[in-house]
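Q: FYI, the working numbering numbers position 124 of the sequence shown as 131, with every residue one higher than the one before it. By construction, the Cβ of each residue, glycine as well, lies at the ideal position given by its N, Cα and C atoms.
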Amino acid sequence: MNNLFSPINLSGLELPNRIFMPPLTRSRGPNDAATEQVALYYTQRATAGLIVSEGSPISQEGQGYFYNPGIFTPEQIAGWRLVTDSVHSVGGHMFVQLWHVGRISHTSIQANGGAPVSSTDKAADNAMAFGRDDNGNIGFVPSSKPRALETEEIARVVGDFVQAARNAMEAGFDGVELHAANGYLFDQFLNPFINDRTDRYSAKTVEGRLRFTLEVVDAVGAEIGMNRIGIRLTPYGVIGSVPMFDDTEETFVALGKALGDRGIAYFHVMDQTGFFNTPEGQKPTSDAIKELLIKWRSVAPNTAIFLDGGMTKAKAEELILNGVIDMAGFGQAYIANPDLVARFRNNWPLNPADRATYYTGGAKGYIDYSPYRVPAPAHA
Ligand SMILES: Cc1cc2nc3c(=O)[nH]c(=O)nc-3n(C[C@H](O)[C@H](O)[C@H](O)COP(=O)(O)O)c2cc1C
Numbered sequence: 008m009n010n011l012f013s014p015i016n017l018s019g020l021e022l023p024n025r026i027f028m029p030p031l032t033r034s035r036g037p038n039d040a041a042t043e044q045v046a047l048y049y050t051q052r053a054t055a056g057l058i059v060s061e062g063s064p065i066s067q068e069g070q071g072y073f074y075n076p077g078i079f080t081p082e083q084i085a086g087w088r089l090v091t092d093s094v095h096s097v098g099g100h101m102f103v104q105l106w107h108v109g110r111i112s113h114t115s116i117q118a119n120g121g122a123p124v125s126s127t128d129k130a131a132d133n134a135m136a137f138g139r140d141d142n143g144n145i146g147f148v149p150s151s152k153p154r155a156l157e158t159e160e161i162a163r164v165v166g167d168f169v170q171a172a173r174n175a176m177e178a179g180f181d182g183v184e185l186h187a188a189n190g191y192l193f194d195q196f197l198n199p200f201i202n203d204r205t206d207r208y209s210a211k212t213v214e215g216r217l218r219f220t221l222e223v224v225d226a227v228g229a230e231i232g233m234n235r236i237g238i239r240l241t242p243y244g245v246i247g248s249v250p251m252f253d254d255t256e257e258t259f260v261a262l263g264k265a266l267g268d269r270g271i272a273y274f275h276v277m278d279q280t281g282f283f284n285t286p287e288g289q290k291p292t293s294d295a296i297k298e299l300l301i302k303w304r305s306v307a308p309n310t311a312i313f314l315d316g317g318m319t320k321a322k323a324e325e326l327i328l329n330g331v332i333d334m335a336g337f338g339q340a341y342i343a344n345p346d347l348v349a350r351f352r353n354n355w356p357l358n359p360a361d362r363a364t365y366y367t368g369g370a371k372g373y374i375d376y377s378p379y380r381v382p383a384p385a386h387a
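#1: Is it the case that the Cβ atoms of A155 and T114 are separated by a distance below 7 Å?
#2: Since T258 and L197 are thought to touch, with beta carbons under 8 Å apart, how far apart are those beta carbons, to the nearest angstrom?
#3: Residues with a Cβ closer than 6 Å to any heavy atom of ligand 1, in chain order?
#4: Using a Cβ-Cβ cutoff of less than 6 Å, which residues in the same chain neighbour F12 once the five nearest sequence positions on both sides are dropped?
#5: Can you name, in chain order, every residue of its own chain whose Cβ lies under 7 Å from the Cβ of M318, other than the five neighbours on each side?
#6: Just list the alpha helix (DSSP H) runs in the stretch 324-362, keeping only unbroken ones of 4 residues or longer that don't cross its boundaries, in chain order.
#7: Excluding sequence positions up to five away, which residues of its chain have a Cβ less than 7 Å from the Cβ of N174?
#8: Since R304 is in the alpha helix (DSSP H), which residue starts that stretch and which ends it?
#9: Among M176, Q117, P199 and L89, whose alpha-carbon lies nearest the alpha-carbon of K129?
#10: Taking DSSP's pairing of strands, which residues face A188 in a bridge?
#11: Which residue wins for smallest C-alpha separation from I327, given the options S18, F252 and I26?
#12: Which residue or residues does DSSP assign as beta-bridge partners of P23?
#13: Thinking C-alpha only, which one of T54, G247, T205 and N309 is nearest G190?
#14: Rounded to whole angstroms, what is the Cα-Cα separation between D203 and A131?
#15: Determine the extent of the alpha helix (DSSP H) in which E230 is found, giving its start and end residues.
#16: Rounded to the nearest angstrom, what separates I301 and E324 at their Cα positions?
#17: Using DSSP's beta-bridge definition, name the partner residues of S63.
#18: From which residue to which residue does the alpha helix (DSSP H) around H95 run?
#19: With the cut-off set at 7 Å, would you say S151 and V103 are in Cβ contact?
#20: Does the structure place the stretch 303-312 close enough to the stretch 270-278 that three or more beta carbon pairs sit under 8 Å?
#21: Going by Cα to Cα distance, which pick from P81, E159 and D253 is closest to P242?
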């Protein structure tokens, strides 16, 4: 019987427990590169069975927010090397989340002020990028209208993912997680209400919807090995201007089978049901997600399943015990509790996270959350 503290072999990587730190954008890379401060932040949290880094842009085109540490320049690779060396030196394990935001970007972030790219030329309503406004000030700005990628151009984007995966290996990561969730580029191909293409990537068929994702997985897998790839997906997701669609289950079961057949390491789902950014009136349901995870088990029995989003210790224990998931993730709890594993193990209380400092930059709310201090015994 497995519990939160049982070790797990993740496609050849021995992890000491089933608690993972999910990707958390923290905007602490002043030059879009990781620093020693970023290395300290992750190292403080390295008792997690696995850390998945914050989203790391694979190219300037793939960036939607300033101050995200990317993985496409030599300086960025060197920045991440500081992080992985430090995390590994204390026995931690770390994947990098490879990120292309597609249409959730802004002309001020793109080369020569160009349009962001997507499967479509429709803008993402209500989805904000973090760029420069008309006065040159940095802050949240509405996503710009994208241009639809030409059919022949898509191979170039696939190539950017391959280069980023190569860079990730050079930077010392144990693997890569493709960010195919939350309304970013992969979702823009997977979702039939966004993808309005008429070429072979058309969303009219499930095969067409999945084509871009599978091309990236095949190309990255050929470069670094399928066992070093995880993928983040948000079936029933609505964050990032993603409309719900009827054949969600059919689409994601087909994707799960195709990925399972290829031998990737894991599926990672974010349950958005209770998340603070989820648009009101459009909450997905945790039950539908759970049913899908059970279907993935039958079509992809060798692929590990990660789940996060409103996770509690009790829920994680139950889902792991029942074999529904293999690893449980705690996002905001990890922001505030660097020693989360020890806190769960000892039933110590959790620090609350300060939402005001999630993206502000600097040490406050980043590296200053203390581990739990066991109260000193009272003197007689
Ligand atoms: C500050 C913040 C930044 C986030 N950044 C990312 C990100 O870069 N990539 C991603 O896939 N999810 C991101 N997420 C979603 C988290 O990975 C996680 O799914 C979410 O926090 C729900 O888990 P929780 O309820 O335990 O916090 C972010 C969430 C927060 C709060």
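A: In short, the structure shows the following:
#1: no
#2: 7 Å
#3: P29, P30, L31, T32, E61, G62, Q104, H186, A188, N189, R239, M277, F282, D315, G316, G317, M318, F337, G338, Q339, A340 and Y365
#4: N24
#5: A335, G336 and F337
#6: 338-343 and 347-353
#7: I78, F79 and I84
#8: S293 to V306
#9: P199
#10: BP columns for A188 are empty, so no partner.
#11: I26
#12: DSSP, once it has assigned bridges, lists no residue as partnering P23.
#13: G247
#14: 13 Å
#15: V213 to I231
#16: 16 Å
#17: L105
#18: P81 to S96
#19: no
#20: yes
#21: D253
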